[in-house]
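First residue of the sequence shown? That's 1 in full-length UniProt numbering, and the numbers climb one at a time after it.
Glycine included, each C-beta is placed from N, C-alpha and C at the ideal position.
Below: one structure, written as structure tokens.
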Amino acid sequence: MIKIDNVDKIFQIKKQNIYALKHVNVDIPHPNIVGIIGHSGAGKSTLLRLINGLEQPTQGTVEVLDLPVHLNQAQALKTLRKNVAMIFQHFNLLKSKTVFENIAFPLRLNHLKESVIQQRVEKLASQVGLSSHLNSFPKHLSGGQKQRVGIARALATEPKILLCDEVTSALDPMTTHEILNLLLTINQEQGIGIVLITHEIDVIRKICDHVIVMSEGQVVEQGTVDQVLLQPKHPVSRSLILEPITLDAIGSNTTSYIRITAIGDFAQHPKYESFALNTNIQFQMIHSKVERTKTSLYSQSILAIDGEVDHQRHFIEKLQQHQAYVEKITPTVSLDAA
Ligand SMILES: Nc1ncnc2c1ncn2[C@@H]1O[C@H](COP(=O)(O)OP(=O)(O)OP(=O)(O)O)[C@@H](O)[C@H]1O
Ligand SMILES: [Mg+2]
Numbered sequence: 001m002i003k004i005d006n007v008d009k010i011f012q013i014k015k016q017n018i019y020a021l022k023h024v025n026v027d028i029p030h031p032n033i034v035g036i037i038g039h040s041g042a043g044k045s046t047l048l049r050l051i052n053g054l055e056q057p058t059q060g061t062v063e064v065l066d067l068p069v070h071l072n073q074a075q076a077l078k079t080l081r082k083n084v085a086m087i088f089q090h091f092n093l094l095k096s097k098t099v100f101e102n103i104a105f106p107l108r109l110n111h112l113k114e115s116v117i118q119q120r121v122e123k124l125a126s127q128v129g130l131s132s133h134l135n136s137f138p139k140h141l142s143g144g145q146k147q148r149v150g151i152a153r154a155l156a157t158e159p160k161i162l163l164c165d166e167v168t169s170a171l172d173p174m175t176t177h178e179i180l181n182l183l184l185t186i187n188q189e190q191g192i193g194i195v196l197i198t199h200e201i202d203v204i205r206k207i208c209d210h211v212i213v214m215s216e217g218q219v220v221e222q223g224t225v226d227q228v229l230l231q232p233k234h235p236v237s238r239s240l241i242l243e244p245i246t247l248d249a250i251g252s253n254t255t256s257y258i259r260i261t262a263i264g265d266f267a268q269h270p271k272y273e274s275f276a277l278n279t280n281i282q283f284q285m286i287h288s289k290v291e292r293t294k295t296s297l298y299s300q301s302i303l304a305i306d307g308e309v310d311h312q313r314h315f316i317e318k319l320q321q322h323q324a325y326v327e328k329i330t331p332t333v334s335l336d337a338a
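Right under this line is the structure:
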């Protein structure tokens with residue numbers, strides 16, 4: 001669906017080169033939902049603007065739906081605009097137009113017949129649950145309803161790819177949940193590929209198949225959601241994904257701290273007590289959370305374990321035999337306690 005090869009994007013500000021993207025390689029199969037995460041300024045929006053043809057790479061190639069976007073040819077960009085639509089954090093609706101006219105806007109630009117427009121807008125409004133609001137103006141809508149208008153308008157031209165830049169950031173958790181479900185339905189029922197930027201790992205967990213982690217213009221990690229969320233490798237991914245652990249006080253010098261990531265049955269029914277008994281160690285659960293991605297149920301727990309070094313090693317080996325991923329960690333101690 002989207003193939004980005006060796007892309008640099010350089011902006012020049014006061015004769016200084018700003019690398020918004022550096023050696024970026026991305027291969028996104030169709031029709032997946034792909035999430036992009038990264039700190040502010042990492043290059044996420046720039047990457048999205050390359051995909052919809054709003055920016056051209058300084059170097060490298062960008063192919064979207066087999067179209068060579070980087071060549072900046074009018075015909076390819078025209079086809080691209082028809083097939084790639086976008087929704088935004090602040091909705092970007094036309095304030096003086098009704099919901100109907102907002103959704104109809106791209107269809108009018110394409111000079112479609114009035115009867116076709118009428119039919120298509122009604123269908124789109126029903127799809128996004130806004131049939132009874134067609135004559136309302138944006139100022140009378142909630143944030144979630146405005147985003148639904150944005151989605152209906154984006155779908156009006158029957159695109160193959162939908163790009164979303166932080167589209168749930170301005171919404172409350174309940175509305176976020178509803179909008180994510182709508183995006184999931186659009187992907188599953190209409191086969192539309194979705195690329196979304198988010199700051200919320202929960203968004204990635206709930207609806208994405210793949211995830212791309214960006215830092216300072218580079219893709220530092222990418223893979224399936226399960227690969228990256230369960231075992232993030234790069235320090236930036238780890239800081240974004242893993243729960244930070246701060247303790248009031250550190251244990252004795254024989255205490256080790258481990259993070260255990262377990263999937264499936266073992267995640268729901270971990271056998272920490274019996275393993276501890278068998279291996280003659282003591283443990284204290286510091287943190288534990290069960291999470292669900294689209295394909296897996298997994299738990300992530302932090303344990304303080306104490307006992308002889310060999311016994312601790314046996315305990316860890318037992319966990320590993322149950323396909324749990326275990327790593328030793330060094331928790332930070334809160335300043336209040338120090
Ligand atoms: N049109 C532009 N002109 C100059 N510099 C730009 C331009 N667009 C982006 N940049 C710079 O490129 C870098 C990446 O910006 P980008 O907007 O892609 O980051 P982002 O990951 O989307 O950040 P955020 O999470 O804050 O939205 C930043 O240093 C930014 O200042
Ligand atoms: Mg951005």
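Identified DSSP bridge partners for residue i
i, result
"L297", "R292"
"G193", "I161"
"F11", "I18"
"I260", "S301, V326"
"L67", "V64"
"E273", "The partner list for E273 (beta bridge, DSSP) is empty, contrary to what the question assumes."
"Q218", "S215"
"K3", "D27, E63"
"residue 339", "Nothing in the structure corresponds to residue 339, since the chain is present only between 1 and 338."
Nearest-angstrom Cα separation, counted from residue j out to residue i
i, j, result
"Q268", "V211", "25 Å"
"Q320", "V220", "27 Å"
"I18", "I2", "24 Å"
"Q147", "I117", "20 Å"
"T156", "S296", "The identity of residue 156 in the sequence shown is Ala, whereas the question assumes Thr. Going by the C-alpha atoms only, they are around 34 Å apart."
"S334", "H90", "37 Å"
"V99", "R108", "14 Å"
"M174", "L183", "15 Å"
"I316", "I329", "13 Å"
"G143", "I207", "20 Å"
"H234", "H23", "17 Å"
"I51", "P159", "13 Å"
"K95", "F137", "7 Å"
"V167", "E178", "12 Å"
"F88", "T198", "11 Å"
"R81", "V195", "15 Å"
"T185", "T79", "25 Å"
Bounding residues of the beta strand (DSSP E) (the contiguous stretch that carries residue i)
i, result
"D226", "It is not in any beta strand (DSSP E) - D226 instead sits in the alpha helix (DSSP H) that spans 225 to 230."
"H234", "Element bounds for H234: n/a, residue is neither H nor E."
"V213", "210 to 215"
"I201", "That residue, I201, is in no beta strand (DSSP E); its alpha helix (DSSP H) goes 201 to 207."
"I37", "33 to 38"
First and last residue of the uninterrupted alpha helix (DSSP H) at residue i
i, result
"A76", "74 to 83"
"E317", "309 to 321"
Beta-carbon proximity check, residue i vs residue j, cutoff 8 Å
i, j, result
"L21", "M86", "no"
"I258", "L303", "yes"
"V26", "Q222", "yes"
"I204", "I37", "yes"
"P31", "N187", "yes"
(request) Write down every uninterrupted run of the beta strand (DSSP E) in the region 114 to 170 whose length is 3 residues or greater and which is fully enclosed by it, in chain order. (result) 161 to 165
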